[in-house]
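Visitor: Structure below; questions to follow.
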Amino acid sequence: MKKILAVFFLILGVVYLLVNVGLADEQLLRWLSTYWPLIIVIFGLKVLLEGIGFFLRSLRRDRKHIGRIVWGIVIIGAGLVIFGGTADFFDFSAADLWGWLWPLILIYIAFKLLVDRDRGEVIELDPETAERHKQNVHPRAPVSEYRENQDRPDFHTKKQHTMFGDIKIGKNPWEPDGFDVHIGMGDVKIDFAKALLYEGDNEIKIGAWIGDIKLTIPDDIPVKINAEIGLGDMKIFGDKQGGVSRNTEYKSPNFDTADRRLVLSCKLGMGDIKILEPRK
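If you're matching positions, the sequence shown starts at 1 in full-length UniProt numbering and goes up one per residue.
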């Protein structure tokens, strides 16, 4: 989506420049003003195809995740309706769009409530995982050792906010404490394998309106998580729940006694939250 928007804005800027300097007529500008909603349709197709793949994989786990399929169809439909208005195929208004959009949202909510298994609000680890957490002590290097080599950090600011696109953090060593990550529509992917923690609590806030939040946290990091989701699914260290307006708290068994601790706050309007251990 980020690349699609970049190409669209690039084309739009070039066309406006050509029109203003007299190298192109206004017909090209009218063409763009008519066909720009197809960008929404393309994005919807991307979401739909990803949703179909995710749905097929979820069947192997005896689950039926249709959220992305539904939102892909909704986005495609919205794009086509807007395009119909700009191309004068039919009269279109925002009220007309909302008139058919909100029933689809209600149908999706009803379906989620009917098919999702009821889950408790507090996540319990299985005995094997709990024992593994108890035996691990977080061995992260002191911050002073890291600051001797600052050539590779992948952070330049503690705030990363964007309206559209994706946010990825964790390819290089980084310090989570004080991070504030927010996205309007898109995905957030954060890997804590190379995270360098201060002594005490290291707090990070993650928020999104529509999209997915995927966090990879090694099992040797003591972590406390508060996750909220308006509509969608949550998977935290193997435990799954979904539905409408969910709030989950999780705390590692060794969190209270650890010297360096990670404190996460995740808020998502619509989509999926996944917090997993790295693949071994």
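No residue lacks a Cβ here, since even glycine has one placed at the ideal position from N, Cα and C. In this text the structure is predicted, and so the values were computed from the model without any measurement.
Just grab the DSSP bridge partners of Met163 for me.
Guide: Answer by DSSP bridge pairing: none, since Met163 is not bridged.
Visitor: Could you check the C-alpha separation between Gly207 and Phe83 for me, to the nearest Å?
Guide: If you take the alpha carbons of Gly207 and Phe83, they lie about 31 Å apart.
Visitor: Ser265 lies in the beta strand (DSSP E); which residues open and close that run?
Guide: 260-276 is the span of the beta strand (DSSP E), which, as asked, contains Ser265.
Visitor: Look up Gln27 in the DSSP assignment and give the residues it is bridged to.
Guide: None, per the DSSP bridge assignment.
Visitor: For a quick check, are the C-beta atoms of Leu215 and Ile190 less than 9 Å apart?
Guide: Cβ distance < 9 Å, so Leu215 and Ile190 count as in contact.
Visitor: Between which two residues does the beta strand (DSSP E) holding Ile229 run?
Guide: Element bounds for Ile229: 223-236.
Visitor: Throw me the rounded Cβ distance for the Ile225 and Tyr198 pair, which I believe falls under 8 Å.
Guide: With 8 Å as the limit, Ile225 and Tyr198 do not qualify as a contact, their Cβ atoms being about 18 Å apart.
Visitor: For Gly269, which option in Asp177, Ile169, Asp233 has the closest C-alpha, if you only look at C-alpha atoms?
Guide: Out of Asp177, Ile169, Asp233, Asp233 has the C-alpha closest to the C-alpha of Gly269.
Visitor: Within this structure, are the beta carbons of Ile221 and Phe192 separated by less than 9 Å?
Guide: Their beta carbons are under 9 Å apart, which means Ile221 touches Phe192 by this criterion.
Visitor: When the Cα of Asp259 is compared with those of Asn202, Ile39, Pro103, which residue comes out closest?
Guide: Per the Cα distances, Asn202.
Visitor: Label Arg68 either buried or exposed according to how many other C-beta atoms from any shown protein chain fall within 10 Å of its C-beta, with 16 as the threshold for buried.
Guide: Classification of Arg68: buried, given that the 10 Å Cβ count is 16 or more.
Visitor: I'd like the list of long-range same chain contacts for Leu17, defined as Cβ closer than 7 Å, with 5 residues on each side in sequence excluded.
Guide: There are no such residues.
Visitor: By DSSP, does Thr86 sit in helix, in strand, or in coil?
Guide: DSSP places Thr86 in helix when its eight states are reduced to three.
Visitor: When burial is assigned at 16 or more other CB atoms within 10 Å of the CB, is Ala87 buried or exposed?
Guide: Answer is exposed; the Cβ neighbour count stays below 16.
Visitor: From the DSSP output, in three-state form, read off Lys46 for me.
Guide: Helix, per DSSP.
Visitor: Give every residue of the same chain whose Cβ lies closer than 6 Å to the Cβ of Leu262, excluding the five residues on either side of it in the sequence, and list them in chain order.
Guide: Result list for Leu262: Asn202, Ile221, Val223, in chain order.
Visitor: Any chance the CB of Gly178 is under 8 Å from a heavy atom of the ligand ZN?
Guide: The ligand ZN is not among the ligands present in this structure, which contains no ligands whatsoever.
Visitor: Output the boundary residues of the beta strand (DSSP E) element that contains Ile210.
Guide: Counting along the chain, the beta strand (DSSP E) containing Ile210 begins and ends at 200-216.
Visitor: Short of 7 Å in beta carbon distance, which residues of its chain neighbour residue 305, apart from the five on each side in sequence? Order them along the chain.
Guide: The shown model of the chain, from 1 to 280, leaves out residue 305, and the question about it has no answer.
Visitor: I'd like to know whether the C-beta atoms of Lys194 and Asp180 end up nearer to each other than 9 Å.
Guide: For Lys194 and Asp180, no; Cβs fall outside 9 Å.
Visitor: Would you mind working out which of Asn20, Gln27, Gly44, Ile11 sits nearest Gly186, comparing C-alpha positions?
Guide: The shortest Cα separation from Gly186 among Asn20, Gln27, Gly44, Ile11 belongs to Gly44.
Visitor: Apart from the five residues just before and just after Leu48, which ones in its own chain have a Cβ nearer than 7 Å to its Cβ?
Guide: For Leu48, where only same-chain residues beyond five positions count, the Cβ hits under 7 Å are Ile69, Gly72, Ile73, Ile76.
Visitor: Given a threshold of 16 other Cβ atoms within 10 Å of its Cβ, counted over all protein chains shown, does Gly211 qualify as buried or as exposed?
Guide: Buried, because 16 or more other Cβ atoms sit within 10 Å of the Cβ of Gly211.
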